[in-house]
Amino acid sequence: GFAGLWCVNAGYGHDSIVEAAARQMRELPYATAYFDLGSEPAIRLASELAERAPGNLNHVFFTLGGSDAVDSTIRFVRYYWNARGEPKRDQFISIEHGYHGSSVVGAGLTALPAFHAGFGIPFEWQHKIPSPYPYRNPVGEDGNAITAASLAALKAKIEEIGPERVAAFYAEPIQGSGGVIVPPKGWIKAIRELCRQYGILFIADEVITGFGRTGPLFACTDEHIVPDFMTTAKGLTSGYVPMGAVFMADHVYDVIADGAGAAAVGHGYTYSAHPVSAAVALEVLKLYEDGLLENGIKAGARLMIGLASLRDHPLVGDVRGRGMLAAIELVVDKTKKTPLPASAIPARRVFDRAWDNGLIIRAFANGVLGYAPPLCCTDGDVDAIIERTRLTLDQTLDDPDVRQALA
12 GFAGLWCVNA
22 GYGHDSIVEA
32 AARQMRELPY
42 ATAYFDLGSE
52 PAIRLASELA
62 ERAPGNLNHV
72 FFTLGGSDAV
82 DSTIRFVRYY
92 WNARGEPKRD
102 QFISIEHGYH
112 GSSVVGAGLT
122 ALPAFHAGFG
132 IPFEWQHKIP
142 SPYPYRNPVG
152 EDGNAITAAS
162 LAALKAKIEE
172 IGPERVAAFY
182 AEPIQGSGGV
192 IVPPKGWIKA
202 IRELCRQYGI
212 LFIADEVITG
222 FGRTGPLFAC
232 TDEHIVPDFM
242 TTAKGLTSGY
252 VPMGAVFMAD
262 HVYDVIADGA
272 GAAAVGHGYT
282 YSAHPVSAAV
292 ALEVLKLYED
302 GLLENGIKAG
312 ARLMIGLASL
322 RDHPLVGDVR
332 GRGMLAAIEL
342 VVDKTKKTPL
352 PASAIPARRV
362 FDRAWDNGLI
372 IRAFANGVLG
382 YAPPLCCTDG
392 DVDAIIERTR
402 LTLDQTLDDP
412 DVRQALA
């Protein structure tokens, strides 16, 4: 029910991926991407990705994973505004319950307390607006009302900071580590348009949602939006080796390139565009397009139908998701939406019980159970996920502290 850490989208056991890595290790195990150098796999991969990316996201910068992909966008955003002659645009906005990595600055954009405690973050230049979170939104579950509230919150935050100070806004198409929070249809498109009106760069964080997790190769295409930057990782190599990628729109790249002139932009990593990682990513991309994406869409529809069949269970308050990214939220009172008691320790007890039942899930401390199965799941695999979830819920329902909370 959970492929790696949201990352093994293609599933385990693909010999062709292993062979692609071994072949590249024999031919060229390492090449730097500095000094106008590169390797054939990385160049090919950049071209293939740009060809498939939304709109004019025609430039790709490779990283080691999602956290440094987000970090890279922060550096590129700052460089962009300096090149534009607007260095005062140094304030960044993200969303509560959002996750943008665990690096020093990325963890500040992340809005989950566990990633802040003891680290002295977020920084004063990192701001948040409320999550759309339909199940627990103060305005209710109506999509139009939620979108209007988010637009009002973002506009108010921009005006509070000063429109001339705001550099960028970060959003996940679906908030993964915050509890698989699925915004209403049209929400991200409306937010993206407001950023455009204010001249603020919009960054879509697709580290979790990219590469078939929600259906298409990129979740942005579901909403017909083209961000200024898009971050990816995880499914890029299906977790077989580390790699991330930052997609950059033409107009952003042009400003950065013109600003640099004949000099190099002073950003990069020793292992950026690693040839072995690139070779793996090329093979994974081939597998996606040879049937895995199609199968993932079919399996995702079956998964959502199966999880929806659990709505009548006494502990299930909400079922949400898109494609092979889903969650159920457990409560002891469906009317009041009262979470499981803290004594139930959902992140440990429910996880362990599911594990014993042959089910891997992401169990959050607030009683949300997350699902991110591989795209290769058969009908039988999906049905097993549902039945083992049902068994786990029934067992949890029999716990004395849960029974007492239900009374």
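So the number in the numbering used here is just where the residue sits in the sequence shown, counting from 1, plus 11. Ideal Cβ positions, reconstructed from N, Cα and C, are used throughout, including at glycine.
Does residue i come out as helix, strand or coil in the three-state DSSP assignment?
i: K166; result: helix
i: K309; result: helix
i: M36; result: helix
i: G110; result: In the sequence on display, residue 110 carries Tyr and not Gly. Y110: coil per DSSP, three-state reduction.
i: K139; result: strand
i: R203; result: helix
i: R360; result: helix
i: G119; result: helix
i: G272; result: coil
i: T74; result: strand
i: D47; result: coil
i: D367; result: helix
Closest to residue i by CA distance: which of the options is it?
i: Q186; options: A178, V177, I199 and E175; result: I199
i: S83; options: Y280, A383, L408 and L326; result: Y280
i: Q137; options: V88, D101 and G226; result: D101
i: G173; options: P195, E30 and Y209; result: Y209
i: G66; options: P357, A260, E340 and D409; result: A260
i: P241; options: G22, A179, H285 and P325; result: Here residue 241 is Met; the residue named in the question, Pro, does not match the sequence. The shortest C-alpha separation from M241 is found at A179.
i: R89; options: A42, E51, A271 and L408; result: A271
i: A182; options: G369, H108, Y264 and A61; result: H108
i: A167; options: F130, L318 and L205; result: L205
i: M335; options: P40, F126, W92 and A310; result: A310
i: A358; options: K345, G381 and G369; result: G381
i: I54; options: F222, H285 and G307; result: H285
i: E175; options: A338, V237 and W92; result: W92
i: I85; options: M36, V393 and I214; result: I214
i: R212; options: P194, V237, A125 and A337; result: According to the sequence displayed, residue 212 carries Leu and not Arg. Minimum Cα distance to L212 is reached at V237.
i: C387; options: R313, N368 and A355; result: R313
Can you give me the C-alpha to C-alpha distance between residue i and residue j, rounded to a whole angstrom?
i: A156; j: G12; result: 33 angstroms
i: T225; j: L293; result: 20 angstroms
i: L123; j: I104; result: 14 angstroms
i: Y299; j: A128; result: 39 angstroms
i: E398; j: S114; result: 38 angstroms
i: A196; j: T389; result: Looking at the sequence itself, residue 196 is Lys, so the reference to Ala does not match. Distance between the alpha carbons of K196 and T389 is about 28 angstroms.
i: V218; j: F72; result: 14 angstroms
i: P253; j: I316; result: 33 angstroms
i: R360; j: A374; result: 9 angstroms
i: G246; j: V287; result: 16 angstroms
i: T43; j: E51; result: 12 angstroms
i: A376; j: P352; result: 10 angstroms
i: V343; j: H278; result: 50 angstroms
i: F229; j: T220; result: 7 angstroms
i: T243; j: D216; result: 7 angstroms
i: R207; j: A201; result: 10 angstroms
i: K345; j: Y146; result: 11 angstroms
i: Y251; j: L75; result: 12 angstroms
i: A256; j: G77; result: 8 angstroms
i: H262; j: E97; result: 16 angstroms
Where do the N-terminal and C-terminal ends of the alpha helix (DSSP H) with residue i fall, by residue?
i: A421; result: Because residue 421 is not part of the residues shown, which for the chain are 12 to 418, the question remains open.
i: V287; result: P286 to L298
i: I214; result: From DSSP, I214 is part of no alpha helix (DSSP H) but of the beta strand (DSSP E) over L212 to D216.
Could you give the residue range of the beta strand (DSSP E) that holds residue i?
i: L56; result: Unbroken run through L56 is the alpha helix (DSSP H), E51 to R63; no beta strand (DSSP E).
i: V413; result: No beta strand (DSSP E) contains V413, which is instead part of the alpha helix (DSSP H) from P411 to L417.
i: T84; result: Note, T84: premise wrong, no beta strand (DSSP E); alpha helix (DSSP H) at G77 to A94.
i: Y382; result: V379 to Y382
i: D405; result: Element bounds for D405: not the beta strand (DSSP E) but the alpha helix (DSSP H), D390 to L408.
i: G255; result: G255 to M259
i: I339; result: L336 to D344
i: H127; result: Unbroken run through H127: none, as it is neither H nor E.
i: D239; result: D239 -> no beta strand (DSSP E), and no H or E assigned at all.
Evaluate residue i with the Cβ neighbour count: other Cβ atoms within 10 Å of its Cβ, from every protein chain shown; 16 or more gives buried, anything less gives exposed.
i: P133; result: buried
i: Y414; result: According to the sequence shown, residue 414 is Arg rather than Tyr. Exposed, since its Cβ has fewer than 16 Cβ neighbours within 10 Å.
i: H70; result: buried
i: Y45; result: exposed
i: R32; result: Here residue 32 is Ala; the residue named in the question, Arg, does not match the sequence. Classification for A32: buried.
i: V29; result: exposed
i: E340; result: buried
i: H235; result: exposed
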